[in-house]
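Start counting at 1 in the sequence shown, then tack on 1059, and there's your number in our numbering.
Here's the structure we're looking at; comments come further down.
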Amino acid sequence: MLAVTLVGCKTTGGLKINTEADIESNSKIEKVDSSALMDSRNIELPGNYDVRAFNRIRISAYIDRLNFEKDALITEIDNGIIAKLLENELARTKRFEVLTRNCDACDYEVAFQAENTRMEGAIEIGNQLNPEFLLQSSISLGSVIKKKSDHNEIVFRSLVTTKIVDPSTGQIIHSFEPIRHNMPAKRFFAIEGKYLGGFDYRKQNELQEAYKEAAQKAIQVLVNRTMDYYPVGGRVTNYRNGRFAIDAGINQGFAIKQPVVLFLSDDGLDIPIASGEVTPKQEGGSGVMYIWKKGDPDAEGVKKKLEAMGKEYLKRNKVYAVSVGTPDSWKF
């Protein structure tokens, strides 16, 4: 299970936000097109998969500080709001058990029960769970004004850098590529520095909402990367006429219908054999096969034995289904 800590720090060197604020340079959300798995050449195992880690990861999210780029329009932003945006996006994936560290209601409830509850089962301080890893990020916010012939434009942008850390040892497990997001330009009109109309950069609430949106867009890309980095899966337990069952569902990390690659695990050797899609239940999933890997003797052998023996073959041989990236139906 995994924990997420966002820690703000100054960006330097190559991590500066691009000065032109070009939306074409935005980090992209990558989704898996299910039709791609209809091509046998794409039936390959995803990176960082591990059958011993096919379970949900326990995480917590913190933002100690948000930094503003030099020359940016500066406003006050509640760090807790940005941390909650991250927590919510991570929790939606079902990949993670998110341990909130930004729950005012939790603090209130503990205090209320301590004051008013006498029955067994009241919340006690110190019963909180601990994370397995930290997802430590820094967030930098910036803005740039562009002067046009008949109007002005302001672009709000964000930069997120992230690493996964083992909280017990301090070891960096993984470092993600920096994520940039530039919002579409907002128009305003001004003459000789006097505001006339359009986006009102003088209002703090307008600035706050613009920066929060820029941060959330980058956070969504980050969540997309974490879904890629932490594939989920389960063991295939039954097979009949191109349909299969696995022993993993929503409670093991599957959120929605998920493209998967099936593979045979034989004494440390994992062999991709087919592609398919899993529809999760709470504690398991039902899948449908797309195609078997063409021209592969292992795939052909498993197919024949499964069609002949079904569940009995799966009792004696280990076949798994592992998720591939973020589904194309996932809504950010």
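The C-beta atom is built at its ideal place from N, Cα and C for all residues, glycine as well.
Non-local beta-carbon contacts of ILE1140 in its own chain, meaning distances under 8 Å to residues more than five positions away in sequence, involve LYS1271 in chain order. For MET1368, the uninterrupted alpha helix (DSSP H) segment begins and ends at 1356-1368. By the criterion of at least three beta-carbon pairs nearer than 8 Å, the segment 1274-1285 is not in contact with the segment 1313-1333. For the pair of segments examined, the segment 1240-1252 was found not to touch the segment 1282-1296: the number of CB pairs separated by less than 8 Å stays below three. Sequence-distant Cβ neighbours of PRO1331 in its own chain, meaning closer than 7 Å and more than five residues away, are ILE1102, GLU1103, LEU1104, VAL1320, PHE1322 and LYS1352. Beta-bridge partners of MET1348 (DSSP): GLY1335. Between PHE1313 and LYS1153, the C-beta gap is smaller than 8 Å, which places the two residues in contact. For LEU1149, the uninterrupted alpha helix (DSSP H) segment begins and ends at 1138-1152. In the structure shown, THR1221 adopts extended strand secondary structure according to DSSP, grouped into three states. Under DSSP, the beta-bridge partners assigned to ARG1246 are GLU1212.
The alpha-carbon separation between SER1099 and PHE1235 amounts to approximately 29 Å. Only residues of its own chain outside the window of five on either side were considered, and among them ASN1107 and HIS1233 have a CB closer than 7 Å to the CB of TYR1288, listed in chain order. By the CB criterion at 8 Å, ALA1304 and ALA1333 fall outside the cutoff.
Its chain contains LEU1096, MET1097, SER1334 and GLY1335 as the residues whose beta carbon lies nearer than 6 Å to that of TYR1349, once the 5 sequence neighbours on both sides are disregarded; these appear in chain order. Judged by beta-carbon spacing, ASN1126 lies beyond the 8 Å limit of ASN1241, meaning their Cβ atoms are not closer than that value.
Collapsing the DSSP output to three states places ASP1081 in coil.
Under DSSP, ARG1299 takes part in a beta bridge, and its partners are ARG1302. Judged by their CB atoms, GLY1346 and GLY1308 are not nearer to each other than the 8 Å cut-off. Contact check between the segment 1217-1227 and the segment 1164-1173: fewer than three CB pairs, one atom from each, fall below 8 Å, which does not count as touching.
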